[in-house]
Every structure is written in C-alpha cells, then in structure tokens.
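See below for the structure under consideration.
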Amino acid sequence: MSVDLTQVTVRLGRDADTHTVLGSISLSLGAGEQVAIIGPSGAGKTTLLHTLACAIKPSDGTLTINNETPWTLSKSALHKLRGRIFLAPQAPPLPPRQRVVNAVLAGRLAGMGMLSALMSLYKPKDAALAFAALSRFKLGDKLWLRCDRLSGGERQRVGLARMMVSSAPLILLDEPVSALDPALGLLALKTIQDEATARHATLAVSLHDVQLARARFARLIGLKAGRIHFDLPASAVDEATLADLYGSEFEEAAGMMRPRAAAAAVAELPAVVAPPAAARCF
Amino acid sequence: MTDNVKPMPDPAWHERLFSTWLLIAVIIACLYVTEFKPWALVDETSLRAARQFLSSFFPPAHDAEFLKLIVVSTWQTIAVATAGVTIALIFAVPLALIATRTLSISRIGNPRVARIPNFIRNATRGVLIVLRSVPELAWGLLFVRAIGLGDTAGVLAIALTYCGMMGKVFLEIMESQDARSADALLINGASRSQTFLYATLPSCLPEMVSYTVFRWECAIRSSVILGFVGAGGLGQQMDLSMRMLAGGQVATMLIAFVALVWLADVVSKQLRALLD
Amino acid sequence: MDTASTPDLVKHSMSPPPPPPRRASWVFIAIAALIITSFATLRGNWSGLFSLESASKMVDLFTSFFPLETDPRFLKKVAWATVETIAISFLGTLLALVFAMVIAIPAAGMNGTAMRKVSRGLLNFLRAVPELVWASMLVIAAGLGPFPGTLALAFHTAGVLGRLIADALENAPPEPYAALRRNGASAVTAFAYGTLPVVLPQIASYTLYRWENNIRAAAVLGVIGAGGLGQLLYYHLSLLQYRDTGTVLVAMILLVAIVDTASAKLNSRMAA
Numbered sequence: 111m112s113v114d115l116t117q118v119t120v121r122l123g124r125d126a127d128t129h130t131v132l133g134s135i136s137l138s139l140g141a142g143e144q145v146a147i148i149g150p151s152g153a154g155k156t157t158l159l160h161t162l163a164c165a166i167k168p169s170d171g172t173l174t175i176n177n178e179t180p181w182t183l184s185k186s187a188l189h190k191l192r193g194r195i196f197l198a199p200q201a202p203p204l205p206p207r208q209r210v211v212n213a214v215l216a217g218r219l220a221g222m223g224m225l226s227a228l229m230s231l232y233k234p235k236d237a238a239l240a241f242a243a244l245s246r247f248k249l250g251d252k253l254w255l256r257c258d259r260l261s262g263g264e265r266q267r268v269g270l271a272r273m274m275v276s277s278a279p280l281i282l283l284d285e286p287v288s289a290l291d292p293a294l295g296l297l298a299l300k301t302i303q304d305e306a307t308a309r310h311a312t313l314a315v316s317l318h319d320v321q322l323a324r325a326r327f328a329r330l331i332g333l334k335a336g337r338i339h340f341d342l343p344a345s346a347v348d349e350a351t352l353a354d355l356y357g358s359e360f361e362e363a364a365g366m367m368r369p370r371a372a373a374a375a376v377a378e379l380p381a382v383v384a385p386p387a388a389a390r391c392f
Numbered sequence: 358m359t360d361n362v363k364p365m366p367d368p369a370w371h372e373r374l375f376s377t378w379l380l381i382a383v384i385i386a387c388l389y390v391t392e393f394k395p396w397a398l399v400d401e402t403s404l405r406a407a408r409q410f411l412s413s414f415f416p417p418a419h420d421a422e423f424l425k426l427i428v429v430s431t432w433q434t435i436a437v438a439t440a441g442v443t444i445a446l447i448f449a450v451p452l453a454l455i456a457t458r459t460l461s462i463s464r465i466g467n468p469r470v471a472r473i474p475n476f477i478r479n480a481t482r483g484v485l486i487v488l489r490s491v492p493e494l495a496w497g498l499l500f501v502r503a504i505g506l507g508d509t510a511g512v513l514a515i516a517l518t519y520c521g522m523m524g525k526v527f528l529e530i531m532e533s534q535d536a537r538s539a540d541a542l543l544i545n546g547a548s549r550s551q552t553f554l555y556a557t558l559p560s561c562l563p564e565m566v567s568y569t570v571f572r573w574e575c576a577i578r579s580s581v582i583l584g585f586v587g588a589g590g591l592g593q594q595m596d597l598s599m600r601m602l603a604g605g606q607v608a609t610m611l612i613a614f615v616a617l618v619w620l621a622d623v624v625s626k627q628l629r630a631l632l633d
Numbered sequence: 641m642d643t644a645s646t647p648d649l650v651k652h653s654m655s656p657p658p659p660p661p662r663r664a665s666w667v668f669i670a671i672a673a674l675i676i677t678s679f680a681t682l683r684g685n686w687s688g689l690f691s692l693e694s695a696s697k698m699v700d701l702f703t704s705f706f707p708l709e710t711d712p713r714f715l716k717k718v719a720w721a722t723v724e725t726i727a728i729s730f731l732g733t734l735l736a737l738v739f740a741m742v743i744a745i746p747a748a749g750m751n752g753t754a755m756r757k758v759s760r761g762l763l764n765f766l767r768a769v770p771e772l773v774w775a776s777m778l779v780i781a782a783g784l785g786p787f788p789g790t791l792a793l794a795f796h797t798a799g800v801l802g803r804l805i806a807d808a809l810e811n812a813p814p815e816p817y818a819a820l821r822r823n824g825a826s827a828v829t830a831f832a833y834g835t836l837p838v839v840l841p842q843i844a845s846y847t848l849y850r851w852e853n854n855i856r857a858a859a860v861l862g863v864i865g866a867g868g869l870g871q872l873l874y875y876h877l878s879l880l881q882y883r884d885t886g887t888v889l890v891a892m893i894l895l896v897a898i899v900d901t902a903s904a905k906l907n908s909r910m911a912a
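Protein chains in written order, with our numbering: chain A, 111 to 392; chain B, 358 to 633; chain C, 641 to 912.
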C-alpha cells in the first residue's frame, strides 16, 4: 500500500482548548517501503501513526492511501480500509483474563466472519498459526496462558504476534521494542521486517533507539515538535543531524526535570547523542 | 510463517468440553423438572386470558375511592415494614451481644474457652441461623394460620427473619472491630453492657445503623410480598385484584409499588449518605 | 488577621458564626415519628397478640409439627420439591443472565444515549417488581406450576443482573475494544475479544451471588402456586396437615442453611 500525506495538520483537544500536535506534514511512503520515525518524546510520533491508520482525522490537509482519500469514503468503506491497516500501540491493551491464543488471533478479526470469530473464542480456530507467530518471538510456550501471567515485554511481543497473524498490507508500529532487551529487540524488529518484506507490506515504525533505527532502516524520518525535521536515507543521517533533532529539547527538558528523571532521560537517549549533551549539562 | 512445529494441544479443552456437556445436561434436566413450556404462553386460551388481563391494565383505576384505598394500603405496607424492623432491631442487638466473643468476660486471662458461656454463645448463633433460614413468607404463612389474617402476622414475620439477618450481621460487625478497646475496659472490671456502651457501640454504630436502614428498604419489599399470604397492605390488595383479574387496579398498584420502592431507595440512600 | 482597613470584613467577622446544622437531630425525630405512627396505625390486635391465649396458639402450632412426617413416600415428594426448587432457581438465573446481557449492552450506552435511557428504565422496572408479583401475574398467563415461577425469577433477576452488568460494562477500560476497532474488527467481535473478557469474572460472580439468592426465593415462590417447596408448604398447611408441614419446613431450613454455608465457604476460599 502506498500512503501520502499532503500538508496534514492535526489539532487535538476541544473547542478553545486545542493544540496543534502535527503541523503541515507532507510525507509519502511507497508500497513495500520500510521507514523508521524518530524524534524526542512528545514530537508527535504516536499521533502521526494514528493519522496514518485513519484513527485520527486530519484537521487540515489530505491523507491518501492507494490513491484513495479515506476520509471521503463511506463509513463502512473506511472501516473496511482500517481492516487492511494494522496499528500496534506501544503497550498492547490486552484483557488480563484473556488467553494469549485469543489475544493473538484477535489480529485476524478484520477478515473473519462474526460467527467463526465467536466460535474461535470457544475453540481457537487457528491455534497453530498463533503458535507459529508467537514462536517467532520466542513465546511459543505461552500460547495457552492467560495474559495477566505475562511480563511487560512478553505482552509487547504478544501485540507483535497479533500483527503477524493479520494480513494487513500497511503495518504501523508504535515503539514496538521499547520493553525488550537489546538482543530480543533486534530479533523482534528483524522478524517484523522479514514479515513485511514477505507480505510486500508498507512498514512504518516509531523508535526511540536511534542506533537501532539507523542499523535496520534505509529511510529515517525525524519528527520534532509536530513537524518533519528531516526525511533522509539512513546513510545521510549523521551525528550533527541527530544532535539537532534531540539537542535543544534535551537541554530544555534537563533544566526542568528533577535529577532522577533527567538521569533516566539521559540513559534512554541514544549513545551517539548522549556523550556531548551529557557532558554539557552534567 | 514457516515454523512447522505443532503447538501443544489446548490444556483446558477437555475440561471445557466436559463442562459444556454437563451444562447442557443440567439445562435439559431443569427444563424437564420445571415443566418449561414457553409455548403454553402463546396457546390460544392463555393468550386470550393474558391479552384480556393486559388490555384491562389501561387505563389504570383512578377513582377517588380506590386511590384512597391505595394510599391507606401503601401506608400499611410502610407501617408493617417499619414496625417489623423496629422489633427485629430491639431483639437483634442483645442477641448479637450475647453471641459475640469480643465481649466475653470469661475470655480474659483464661486461654481455655469456658464451657457454659461458650454453649450459650453457640446456642444463640443457632437461633439466629434458624430465624433467618425460614423465609419471611413462610413465617407469614404460619403466623396467618396461628393468629389470623392481618398486618400483625406481617410484622411478626419480618421481625423474626430480619432479627436473624440483622443479628448475624451485627455479630460480624462487632467481631471485626478491634478488640483492644473492649479488652481494656473488661480487664478493669467493666461489665458486658458497660463495655458494649462505651467501647464496642461507638465504633460499630455507623455500620449498624447503615445496615438497619438498608434492611428497612428491603423490608418494604418483603412487606408487599407478605400481603400475598394475607398479611395486609398493598400486597393483599394486589392479590385480591389479580384474583378478580381487575387489570386497571393491578396497574395502579404496580405504579404505586414501583414508586414506593423508588422512594425507599432514595430515602435509604440519603440517610446512609448522612451517616458518612 | 489585619482587618482594620476593611470594615466590611470586620462586620462579618463580628457576627456570630452560623449555628451548626442540626439535620441529624431532625432526622432522628423524623425516624422516631415514623416508628411511633407505624405502631399506632397497625390494625392488628396487639393486646390479643401478647395474651396467653394467642401465645398458646402459637406454641400449639409449633408443637403440632412434631413428630415430623417421615413416610418414605412423602419424603420422596419433599425431595422432588427440593429438586424442583433448585431447578427453578438455576434455570431462572440462567435465563435472567441471557435477558440481562441483551438489555445491559444498550443500557451501557453502546447504542446511544436514548437507548441507554430506555433500557435502564426497563431494567429498573424489572427489578422493582418482586419475583412474587411477577409470579402471580405469570400464573394468570401460564397456569399453575414451576414454569411461571422460573419466568418470574428470570424477570426480576434480569433487572438486578442487568444493572450490575451494565455498570460493569460502562466501567470497563475502553482501550482493548478501541484497539481492535482501529484494526478493522466489527463492533460485535471487538466487544467479544476486547470488552467481554475484562468483565466476565465480574459477571460470573454476580450471577453466582444471585443464584444463591434465587434458591431462597424459589423456595417460597410456590405459595402462589409456582411449584417447589413453597407449593408443598402452602398445600399441606391449607389442609391442616401439620406434621407434613413441619417436614417441609425442615427441608426448607436445611436447603437454605446448606446454601448459606456453601456460599460462605466459597467466598472465603475465593478471598484467600
């Protein structure tokens, strides 16, 4: 699927109390392309993904998916389109008492009839498929457990396994490896990208680990204060560009944050940026 | 998706299958036992009876004399409930007091349970269990048989059942309280009733009052139901009108009843909010 | 406080503080008045009640239950009535659950505010009318027997359960449902995969609790002809067969006591 944003602005909030989260964003993703979205917290990464997923309506500008403008479609056509887009939130909202198998197979609901979906709750219909998806993230043994028995990292991978069983040609993932250790995070990201390649699906991933983004993606989009700061091939993104993306925000934030929180922010920052910035501030 | 390793089978499947069949079997048995025949509702004769009865619901009876009767019986229903709960309260507090372990004097400085006081406590608990195990409607039937139709039977039925329920709950409230303040008084030689008044009551009172108010709300419902076995009030009038298939009257009384329950609900909520 | 330059404030601070609200004592007086008028307007003959004669009448009634009737044929009848009572309560509760779910979904505001108001009103009405009143109306439509009793329990309990379930649905976290909807699931399937698993444990415990209540209710529904132990009680009491009545009463007490203990045990085990 190809996606285009032209001069898209998103304002959230009601009536008088609105604030602009995304400002005149223009962006285009070709079918089968894989991009990473990076930028400081609060830059609008999540909102951008929700806009691409047709979950938030742009206040201005147009969103085009496969040469169609979703927000001019009829309600049912729009919903049908949503079934072809998979958006995974950072912390997948899984009902605590639900079994992992059903939580994963919920990724197939868009293409399922109502009756077979309900029957599947009684006797899971594609347990083997769910198992295969979970195994790719080293979670095969958790298939029949309840979600409240899982750790945060395991829940995040269940959310990714849900993506694996869907057949969406547009995959949008919000910080998909934030709760995973580096090795597991790399494996998960690799698995996701292999799946997207195999499906010839368009993939957009927001990441806070810049090194990981540079290592795994050919194209990086830097988002800052709701605007596109840069949209470059990974090879063209150098330290200076990154310091510019994170730098001023970082200084500003460091001044306001309590010491512990600031230290945590430093720890979270990518290694390439952290040394000079940290040296300046602390 | 190339992994071809088969997952282990659903460990809960057999249990699930078993409980499904069990449920189906139980449902079928229950359908048989309860003579469940919904089509009896839609056969010609009962449909005609139901239609006639329902169509007579409108307009609800509203002549002055009948409305006066409604007001009188509604008040009677409230009076029966209030009197019943009052009597229940008067007996439930001392019974709970006797049965509670917190106020045991023989417990002080004596790790072994004294036999006779313990027997009395358990016997009192037994009485409370029997009192609340007989539904108020069964009590009502018996009292109507023993002392004749009228609201006295209703008052007594509510008093007995509610005495059992309130006694049990008061007992639980008292025993869940911190025993230390009671102990302090008992050790210094205070009597049971003194200890109750100065240590237990102050800390238990809000909960006990709140529960009593809640029970009063339930008693209003019970009072209507008791009317059906001849214990007076709105229920008895409703029973009479139903026997005569006077739908209009039944409709008016249903309205009065729903309003009464709603009113009791509001009053009880307000009172309990006042306590907090 | 420096109030010299603000005479207005001085005036206010000089006036005596308003008396504390005495609502509590008014409530006390109102309750006392309610109790006194209640006793005063009761039409029963209280003097007669506390007389020796009526006391002996009561004692006579209770002694006439003994010795209990233990004829095996009669015991079999009582056992069957007990089974009938349990069956009525079980099926009634199950039906109630089905009705309650159907009404609770619009009552939780899933089909707009207008539907929410209407279905909440329906639930309140079902709940306000007690089982026995439902039963006495249904007996007219369906004839005597356990069937109208089952339906009566189902109607009243549907009102009770429906409101509890609707509240549980309204308080359930919206994210699981919203996430599935965003990914193209239909409203029904998103509900089944996102909302239902969250509230199911709550629904199960409400239903069990109501079943316990309904066993007690089913035991007495029979007095208006709706089957079970109550019908047997009414029947034998009307025929002045007191020994039989005594046996039925004992069966009733046993049933209720067993259910009470079982539920207390279950509760303490769940809490542990």
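The beta-carbon is built from N, C-alpha and C at its ideal position, and this holds for glycine as well.
According to the DSSP assignment, A:G171 belongs to the beta strand (DSSP E) that extends over D170 to I175. Leaving aside the five residues that flank B:L498 on each side, the residues in its chain whose CB is nearer than 7 Å to its CB run, in chain order, V586. At a cut-off of 8 Å between C-beta atoms, C:G799 does not count as an interface residue with respect to chain A. The residues I855, in chain order, have a CB closer than 7 Å to that of C:I726 in the same chain once the five nearest residues on each side in sequence are set aside. The C-beta distance from A:V275 to A:G217 rounds to 5 Å, short enough to fall under 8 Å. Looking at the backbone, the Cα of C:L840 and that of C:N853 are separated by about 20 Å. A:W254 reaches chain B at M365, D367, P368 and A369, counting residues in chain order whose Cβ is nearer than 8 Å. Counting along the chain, the unbroken alpha helix (DSSP H) around B:T402 starts and ends at E401 to S412. Excluding sequence positions up to five before and after A:A165, its CB lies within less than 7 Å of the CB of L197, all in the same chain and listed in chain order.
DSSP, read as helix, strand or coil, puts C:A866 in coil.
CA-to-CA, the gap between C:G761 and B:V442 works out to about 30 Å. Apart from sequence neighbours up to five positions away, the residues of its chain that approach C:L708 with a beta-carbon distance below 7 Å are R883, G886, T887 and V890, ordered along the chain. For A:H318, no beta strand (DSSP E) segment is defined, and its DSSP state is neither H nor E. The beta carbons of B:L528 and B:A456 sit about 5 Å from each other, so the pair counts as a contact at 8 Å. Contact with chain B is absent for A:P168, since none of that chain's Cβ atoms lies less than 8 Å from the residue's Cβ. In the DSSP annotation of this structure, A:F340 is not part of any alpha helix (DSSP H); the continuous beta strand (DSSP E) holding it starts and ends at R337 to P343. If you draw a straight line from the Cα of A:G262 to the Cα of A:V268, it comes to about 10 Å. Residue-level contact check: A:A220 touches chain C, since one or more beta carbons of chain C fall below 8 Å from its beta carbon. Less than 8 Å separates the beta-carbon of A:A227 from that of C:T829. With contacts defined by Cβ atoms closer than 8 Å, C:I728 and C:G868 form a contacting pair. Here the region 752–769 of chain C does not lie against the region 415–427 of chain B, with fewer than 3 beta-carbon pairs under 8 Å apart.
The beta-carbon of A:P234 is placed less than 8 Å from the nearest beta-carbon of chain B. At a Cβ-Cβ threshold of 8 Å, A:G142 and A:A298 do not count as neighbours. Partner residues in the beta bridge of A:F196, as assigned by DSSP, are A:I281. Around the beta carbon of A:H339, a 10 Å sphere encloses 16 or more other beta carbons of the protein chains shown; the residue is thus reported as buried. Within chain C, the residues whose beta carbon sits less than 7 Å from that of B:C387 are A727, F730 and L731, listed in sequence order. Put simply, the CB of B:T552 is far from chain C, with every gap to its CB atoms at 8 Å or more.
The three-state secondary structure of A:H189, taken from DSSP, is helix. Beta-bridge partners of A:I148 (DSSP): A:G332. Within the same chain, Cβ atoms closer than 6 Å to the Cβ of C:A736 are found at A794, T797, A798 and L801, the five residues on either side in sequence being excluded.
Using a CB distance below 8 Å, no part of the region 326–347 of chain A faces chain C. Residues of the same chain with a CB within less than 6 Å of the CB of A:R121, apart from the 5 flanking positions on each side, are T128, T130 and S169 in chain order. Those residues of the region 169–193 of chain A placed with their C-beta closer than 9 Å to a C-beta in chain C are H189, K190, L191, R192 and G193, ordered along the chain. For C:E810, the secondary structure class from DSSP, reduced to helix, strand or coil, is helix.
Contact between B:T518 and B:L488 holds: their C-beta atoms lie close to 6 Å from each other, under 8 Å. Annotated three-state conformation of B:V429 is helix, per DSSP.
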